[in-house]
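Before any comments, here is the structure.
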Amino acid sequence: MILLDRVTKVYGKGSKPALDRVNLHVEPNEFVIIVGTSGAGKSTLLKLLTREEKPTSGKIVVGGIDYDQLKDKHIPLLRRKIGVVFQDFKLLPNRTVFENVAFALEIAGMTNREIKNTVPKVIDLVGLKGKEKQFPHQLSGGERQRVAIARAVVRQPKILIADEPTGNLDPKHSWDIVRLLEKINRYGTTVILTT
Ligand code: ADP
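In our numbering, the protein residues as written are 446 to 640.
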């Protein structure tokens, strides 16, 4: 599902590599946790997977796509295979829970009917049934992260990437989020999370 072969990333000329000849092999349906201190290169690794950054050297293959062959016009296709969740949620503040999740489908060109059919199922999956009409500021941190996870998985990506998803949460809410990610993993999504 994911292959990194001696991947090196150097941001500035002469600076120390953020990643130095990293090898990684993730099988479909694995749940992988990447642990490291601040500055260890965790976010860099995830940004290479989502193609926000390009490696200085080394090979990356994700879901059968060799990044050396990847043209810019194919990046949207790649991003459809990969859902992303961030530490700071990145929700739209003026949209409700339902609308935040629906937005991911709107930009993918889904019809209203498909959206009305799909979004409630995903909101139910993440345990937010009954909160559809709430706005992000009316939710706890843990609930906001659930919305972000619903938005990330609503298009059924093969891979879910979560960059320190529990970084802003207390231990109880952190465990709830990890359990939710485990549930999504059991349904057949490869999960990569950093902490
Ligand atoms: P982590 O996520 O483990 O905290 P990062 O991947 O964010 O680590 O950072 C790894 C190293 O790369 C750090 O030394 C950081 O300063 C550097 N770095 C990260 N992003 C950039 C960037 N856009 N430009 C220059 N240096 C960067």
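Cβ coordinates follow ideal geometry from the N, Cα and C atoms, glycine included. Remember, predicted model here, so these are calculated numbers, not experimental data.
When the Cα atoms are used, what is the spatial distance from residue 525 to residue 601? Taking the Cα positions, residue 525 is about 8 Å away from residue 601.
If we call anything under 8 Å between Cβ atoms a contact, is residue 464 one with residue 453? In this structure, residue 453 lies closer than 8 Å to residue 464 by Cβ.
Element boundaries [alpha helix (DSSP H), containing residue 503]: Where residue 503 is concerned, there is no enclosing alpha helix (DSSP H), although the beta strand (DSSP E) it sits in stretches over 502-507.
Collapsed DSSP secondary structure at residue 525 in the structure displayed: Per DSSP, reduced to three states, the secondary structure at residue 525 is helical.
Grouping DSSP H, G and I as helix and E and B as strand, with all else coil, what is residue 454? DSSP, read as helix, strand or coil, puts residue 454 in strand.
Beta-carbon proximity check, residue 607 vs residue 573, cutoff 8 Å: No, the pair does not count as a contact, with Cβ atoms beyond the cut-off.
Boundaries of the alpha helix (DSSP H) in which residue 546 is found, first to last residue: Run containing residue 546: 542-551, per the alpha helix (DSSP H) assignment.
Might you give, ordered along the chain, the residues of its own chain that have their beta carbon closer than 8 Å to the beta carbon of residue 663, omitting 5 neighbours on each side? What is shown of the chain runs 446 to 640, which leaves residue 663 out entirely.
So what does DSSP say about residue 611, is it helix, strand or coil? Residue 611: coil per DSSP, three-state reduction.
Is there contact here, the stretch 580-597 with the stretch 609-618, by at least three beta-carbon pairs under 8 Å? Result yes; three or more Cβ-Cβ pairs closer than 8 Å.
Which residue wins for smallest C-alpha separation from residue 586, given the options 605, 570, 614 and 561? Cα-wise, what sits closest to residue 586 is 614.
Relative to ligand 1, is the shortest distance from any of its heavy atoms to the C-beta of residue 487 smaller than 7 Å? Correct: residue 487 has its Cβ closer than 7 Å to ligand 1.
What did DSSP end up calling residue 570 once you bin it into helix, strand or coil? Looking at residue 570 - three-state DSSP - the assignment turns out to be helix.
Look at the alpha carbon of residue 533 and the alpha carbon of residue 475, and state the distance between them as a whole number of angstroms. Cα to Cα, residue 533 sits roughly 25 Å from residue 475.
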